[in-house]
Amino acid sequence: MADKSNSAYMRCGKTVNELVMRLGTLQYEEINIIISNADKSKKMPQTNPFRVQDFIKKSINRHQLIDNMRYTRLGKIQFTTKDPICAVQLLSLTKFMDIDVSTDLIWENVSARFLVADIPTTIPLEELAKEIQDKNDCLVVELRRFVKLNSSKVISPVLIAILGTTVPETIKLWFIRQRIQPFADRPRPCNKCFVYTHGTRTCDKNNICFCCGGDHIGPCQQPPKCVNCSGSHNAKSRS
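What the sequence shown shows, in our numbering, is residues 117 to 355, in sequence order.
Structure representation (structure tokens):
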């Protein structure tokens, strides 16, 4: 599968299942799998736990390696395991007790994120990912450049996400040892313009739509577009 990318964003072309299987040789905390109703308007029902256990035992042959199951506030089910094979089996579910479902992985506990400054904006992200992987013995999950508000101009630094939770002190790029900068996984965006460079109190910009980045009132009818990276998702998305 080819990498998914544009000038400001690149995601590894490997499937989630492939990436999870590679965790076996890396350091990580735990693997959290989210089960959602395929019908986005509906939540996962809170069923009798005995029936859920019976279903899981029949569907997941490594069920004994599940550490925890819980219902989330958003009406989804979260499974926790430390076993990559068990995680892949959970990710492969398409039905959960006769309910059509979709699955996803929470990346925070299986990946590391950091910033590297002074990366020339003319270098394609695919080329940067290859250089990182060739010189540093790591697998790049995601690269993201930041885009100036109300502009298509990308700026340095680059946000790098690698598989495994070990954060290197430096990375080698083109024979140069680059020091990394820590990155907060969940910084708070401004609630008016949804950028991460300032808080709501100090924002002097107009309120914008978090979905498309436009300046309009009422329900959004435009395709999603992130104001931070220009990706095809809204500014509140965790993807």
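We treat Cβ as the ideally placed atom computed from N, Cα and C, and that holds for glycine.
- Taking C-beta atoms under 8 Å as the contact rule, A245 and V256 qualify, at a distance of about 4 Å.
- Within the region 138 to 222, the runs of alpha helix (DSSP H) that reach at least 4 residues and sit entirely inside it are, in chain order, 165 to 175 and 200 to 207.
- Taking all protein chains in view, the Cβ of W290 is surrounded by fewer than 16 other Cβ atoms within 10 Å, so the residue is classified as exposed.
- Out of E243, T238, C309 and A228, the CA that lies nearest to the CA of P284 is found in A228.
- By the Cβ neighbour-count rule, G347 is buried, with 16 or more other Cβ atoms within 10 Å of its own.
- Per the C-alpha coordinates, the member of K264, F310 and D320 positioned closest to C328 is F310.
- In the DSSP annotation of this structure, the continuous segment of the alpha helix (DSSP H) that includes L244 starts and ends at L241 to N252.
- In the DSSP assignment, P273 falls within the unbroken beta strand (DSSP E) covering V270 to L279.
- Contact between G334 and Y144 is ruled out by a C-beta separation of about 43 Å, above the 8 Å threshold.
- Exposed is the label assigned to R186, since fewer than 16 other Cβ atoms lie within 10 Å of its Cβ.
- Secondary-structure assignment with DSSP links K308 through no beta bridge to anything.
- The C-beta distance from E242 to M126 rounds to 6 Å, short enough to fall under 8 Å.
- Taking the CA atoms as reference points, K192 sits about 6 Å from I151.
- Comparing C-alpha distances from Q194 to each of P161, K130, I278 and A277 shows the shortest one belongs to P161.
- By the Cβ neighbour-count rule, A154 is exposed, with fewer than 16 other Cβ atoms within 10 Å of its own.
- In terms of CA proximity to W223, E146 leads the group L190, E146 and K321.
- Residue state for E285 is assigned as coil, using DSSP reduced to three classes.
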